[in-house]
Amino acid sequence: MTRLPQVEPAPGMPAKVTVYEVGPRDGLQNESAIVPVEVKAQFVNRLVAAGLPAVEVTSFVHPRWVPQLADAEQLVDALDLDAADRMPVLVPNERGLERALAKGVREIAIFASATESFAARNLNRSMDEQYAMFEPVVRRALQEGLRVRGYLSMCFGDPWEGDVPVGQVVEAGRRLIELGCSELSLGDTIGVGTPGQVERLLAGLAEAGVGAEQVAVHFHDTYGQALANALTAMRCGVTVIDAAAGGLGGCPYAESATGNLATEDLVWQLHGMGVATGVDLPALIETSAWMAAQIGKQPASRVVTALAPNLT
Ligand code: MG
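For the sequence shown, my numbering begins at 42 and goes up steadily by one.
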């Protein structure tokens, strides 16, 4: 039998947290291996079967930019998009939205930058121009009855600019909510943030009218801070936490093997504190161990590393 955490409720925690799984999109996008579409479909289905309520499936980005996800249409065709509460796809622009609508997607995510440097490099736009690009995408998506999540990257540090002022991140986040995003996912894209920054940013957003109930957090474990930052965010009222099964996805802007916070490590902490997630941890660990074998890599997740060899 797989070991499970001893349960001891921790003060100040929400009763329930939504684990927003990004492994199939953010994870596989940042792995060098190209995974066959049948394997991706099995991955998504196994994550849903393990009880994850939100699984970001893929990205309708141009295949030239992300060849790992060039099979977005085929993958969506192979899936039941009603299998989980939320099965969003990333769309970079209006063309991506058209592709998503043609496939009957019910939720999209857009990907904005909190810094000028990353907006220029990733979107080839200024920060102001990025809102102009996203405005028609969000408007059309809302008209079509879709839900829109807004990612904001480089919220806690930028590889070219260094420190990122809190006020600048608050203003960018506020503008994404103003566009019509119902959820704002704050990304620590290079994994450098610490708990004081998390508290300060969440307080700044709340002052600007963006409460914790509209916020999700997306931490990377590059500097070992992801779980501490997630715990801090939950103490501030955040109840949606992004994570990738097995810790899939290296860090795209740092020479490091560790990228996304591993879903198993987060779920271990949550279940230990008595916070409900709906996730079947042994089934999730088996899925991540299987996926790691598919891409020929050791899983970054500590929990998977500790327990996968004991699975029978
Ligand atoms: Mg990520």
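Note that the Cβ used here is the ideal one computed from N, Cα and C, for glycine as well.
> Where are the alpha helix (DSSP H) runs, 4 residues long or more, that stay fully inside the segment 235–288, in chain order?
Replying inline: 236–248 and 267–276
> Taking buried to mean at least 16 other C-beta atoms within 10 Å of its own C-beta, is Ile231 buried or exposed?
Replying inline: buried
>> Short of 6 Å in beta carbon distance, which residues of its chain neighbour Trp309, apart from the five on each side in sequence? Order them along the chain.
In response: Pro46 and Val344
> Is Asn165 helix, strand or coil by DSSP?
Replying inline: coil
> Over what stretch of residues does the alpha helix (DSSP H) that includes Ile336 continue unbroken?
Replying inline: Counting along the chain, Ile336 falls outside any alpha helix (DSSP H), and DSSP gives it neither H nor E.
> Is it the case that the CB of Val63 approaches a heavy atom of the ligand COA more closely than 7 Å?
Replying inline: In the structure on display, the ligand COA does not appear, and the ligands it does have are the ligand MG.
> When the Cα atoms are used, what is the spatial distance from Leu227 to Val205?
Replying inline: 13 Å
>> Measuring alpha carbon to alpha carbon, tell me which residue in Thr346, His312 and Thr318 is nearest Pro50.
In response: His312
> Quick one: any contact between the segment 153–161 and the segment 188–202, if contact means 3 or more CB pairs under 8 Å?
Replying inline: yes
>> Here's a check: name, in chain order, each residue in its chain whose Cβ is nearer than 8 Å to the Cβ of Ala124, leaving out the five neighbours to either side.
In response: Asn86 and Val89
> Can at least three beta-carbon pairs, one atom from the segment 262–282 and one from the segment 49–65, be found at a separation below 8 Å?
Replying inline: yes
> Starting from Thr59 and walking both ways along the beta strand (DSSP E), at which residues does that stretch end?
Replying inline: Thr59 to Glu62
> Apart from the five residues just before and just after Arg166, which ones in its own chain have a Cβ nearer than 7 Å to its Cβ?
Replying inline: Ala160 and Met174
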